[in-house]
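Before any comments, here is the structure.
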Amino acid sequence: MSTVLRLPVTHALAVRNFRRYLLAQLVSNTGTWMQRGAQDLLVLHTTGNSGSAVGVVTALQFLPQTLLGLTGGILADRYPKRRLLLLTQTAMAAQSLLLGLLTVTGAVNPLSLYALAFALGTATALDGPVRNAYIRELVSHERTASAVSLNAAQFNVARAIGPALAGLTVAALGTGPVFFLNAASYLAVLHGLITIRTDAPDVPVHVRPGPTRAREALRHIATTPELLLPISLIAFVGTFGLNFQVTVSLVAVTVFHTGAATFGCLSTAYALGSLLGAVYWANQGKPPTARRLTSTTIGFGALEVAQGLMPSYGSFLVLLFITGCAAVTVTTTANALIQLHADPALRGRVLSVYFLVLLGGTPIGAPLVGVVSDALGARFTLVLGGVVSLVTALALSVSFAGRTRRRIRVTGPAAVTGSPVASVRPRRERQPDL
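Read in order, the letters of the sequence shown are residues 783 to 1216 in the working numbering.
Now the structure itself:
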């Protein structure tokens, strides 16, 4: 019997469909991180080293998430997810191919870079909720937590090696070939989606008659504590606590006076810590709970505060590795809770709300970090983010614990088996093909 077949029953890698999907995502995400690094270099080269131009490109890639994130969830609940993913992944491959052609022919200019950045952001905003909701059609209920953690692990592997591969490729061949490589990486996803078997463990949800509206998901979230807690928490943590691309660079340059190479080491340490956390939770048989979410968020907030007070570059680097582990634990636990507790007919829209609060706060949080850094110093940006995360987790933990006690008094213990402090009880489902 193979090693894969001896995995625990709760391990997502035991599912053939998910293994195929995960490997394809790893290849594609590596190409995406390569393109991100090369794109920033191309923007600087095209605009005469304009930092503001890099900021505009980044904003244009995030703006569609704010504008269209909920639309992606509506589409995910209305149409077959695999068909939607084939369309969005093809669109992103076309964007990379066009950018590569413009670059190698010398026709690229700031306007084309802005337009293509917005196009990529649009496709990504529609793709995200569909891609994450599709995971529940690949694995059974008891394997969902493992699948979410493994998905986070492959993302962090790609984030760790993608920029390094981009640097080597740009140095050897230039920026254009990086975009071609990213376009080719989407072929792995398209091939995986086409060859995935259709006998998924969960029967696809039948679309309810009538229009598919975002407000149905908002009502579902507001009346389901197991959804309201993680989404409320991530709204604050995503806006104030998870701005490490900005805060770490500020501390590295203005406090420790390091260069690009040492900043790269910091980014790698954070990515490797995130990878360790994701792999650890992927191999745990315990289902996610809201208690774990709030406690790990409190720990994450305390670590971020300590991060801002580290006296030396070495201690900052070591603690950043641990903080990355805590950060991915928070996000994967929140994601898994939402996957498990969302109504299947509303899962795409609920996930779109989750990603809206996780990523949509970046246009608010990032400028705020800059203002705080200018006024109080770069260290205080980490302290502020940690304090907000810690206090929010404490407040929500107390609030939802009180809400649970009231539910117990009114309805009895049997009515709150899915309460924020209880473990998820997996339902019995037929096992997927191995």
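A virtual CB, placed ideally from N, CA and C, is assigned to each residue, including glycine.
List the whole-angstrom C-beta distance separating residue i from residue j, where the pair is believed to meet the contact cut-off of C-beta under 8 Å.
i	j	result
Q847	A907	5 Å
V1110	A1060	5 Å
D909	G854	7 Å
H1123	L1009	6 Å
G1130	A915	4 Å
Y803	G974	6 Å
Q871	V971	5 Å
N1065	Q936	So it is not a contact: roughly 14 Å between Cβ atoms.
G851	L1138	4 Å
L1085	A1051	No, L1085 and A1051 are not in contact; Cβ-Cβ is about 13 Å, not under 8 Å.
T885	T829	The pair is not a contact, with the Cβ atoms about 14 Å apart (cut-off 8 Å).
Kindly indicate which three-state DSSP category residue i falls into: helix, strand or coil?
i	result
S1171	helix
H973	helix
S1281	Within the shown structure, residues of the chain are numbered from 783 to 1216, placing residue 1281 beyond reach of any answer.
R995	coil
F1038	coil
P862	coil
H1002	helix
V797	coil
R802	helix
S810	helix
A1124	coil
M874	helix
N831	coil
S1049	helix
S1094	coil
G855	helix
T1105	helix
R818	helix
R1161	helix
G929	For clarity, residue 929 is Ala in the given sequence; the question names Gly instead. Looking at A929 - three-state DSSP - the assignment turns out to be helix.
I978	coil
A889	coil
D984	Interpretation of D984 is limited by its pLDDT of 42, a score under 50 that renders its predicted location unreliable; the figure taken from the coordinates is listed afterwards. If DSSP states are grouped into helix, strand and coil, D984 belongs with coil.
G949	helix
V1110	helix
G956	coil
Which residue's Cα is closest to the Cα of residue i: the options?
i	options	result
S1077	V1132, M1092, T1113	T1113
D822	L857, P945, L884	P945
L1101	V1061, L1138, L805, V1030	V1030
F800	V1151, L866, I978	I978
R1073	R997, G910, T1115, F1026	T1115
S1094	V1035, L1057, G1142	V1035
V1173	L880, G1083, T840	G1083
M1092	F1137, A1160, T1071	A1160
T1163	V912, K863, V1087	V1087
L868	I976, A835, Y803, V921	I976
L1119	C1047, T1021, H793, V930	V930
G1142	L842, V960, E919	L842
L883	A927, T872, L898	L898
P761	A999, A1177, S1049	Given that the chain is displayed from residue 783 to residue 1216, the structure contains no residue 761 and the question cannot be resolved.
H827	L1158, V952, Y1062, A996	V952
K1068	R925, A858, R913, G888	R925
I943	G813, N1117, F1098, V1165	G813
A934	R860, A1177, I917	I917
L1075	L1138, S1171, L1057	S1171
Q877	L805, V886, G956, G903	G903
R1001	V1132, I856, V1180	V1132
G1167	A1177, L963, G1147	G1147
P1012	L852, A1053, Q1121, V1037	Q1121
E1128	F1182, R995, L932	One point to set straight first is that residue 1128 is Leu, not Glu, in the sequence displayed. Checked all of F1182, R995, L932; the closest Cα to L1128 is R995.
F900	L845, L879, L947	L845
P1070	T1050, S928, L1048, A794	S928
With 16 as the cutoff for other CB atoms within 10 Å, does residue i come out buried or exposed?
i	result
N891	exposed
V1153	exposed
L866	buried
H1039	exposed
A965	buried
K863	buried
T1149	As written in the sequence, residue 1149 is Pro, which differs from the Thr given in the question. Counting Cβ neighbours within 10 Å, P1149 comes out exposed, since fewer than 16 surround it.
V797	buried
S1097	exposed
If I follow the unbroken alpha helix (DSSP H) through residue i, where does it start and stop?
i	result
Q1066	Per DSSP, Q1066 belongs to no alpha helix (DSSP H) and is neither H nor E.
T906	892-916
F1022	F1022 -> no alpha helix (DSSP H), and no H or E assigned at all.
R1074	1072-1091
I1016	1007-1018
R1129	1129-1141
Under a CB-based cut-off of 8 Å, is residue i close to chain B?
i	result
L1075	No chain B is present in this structure, which holds just one protein chain.
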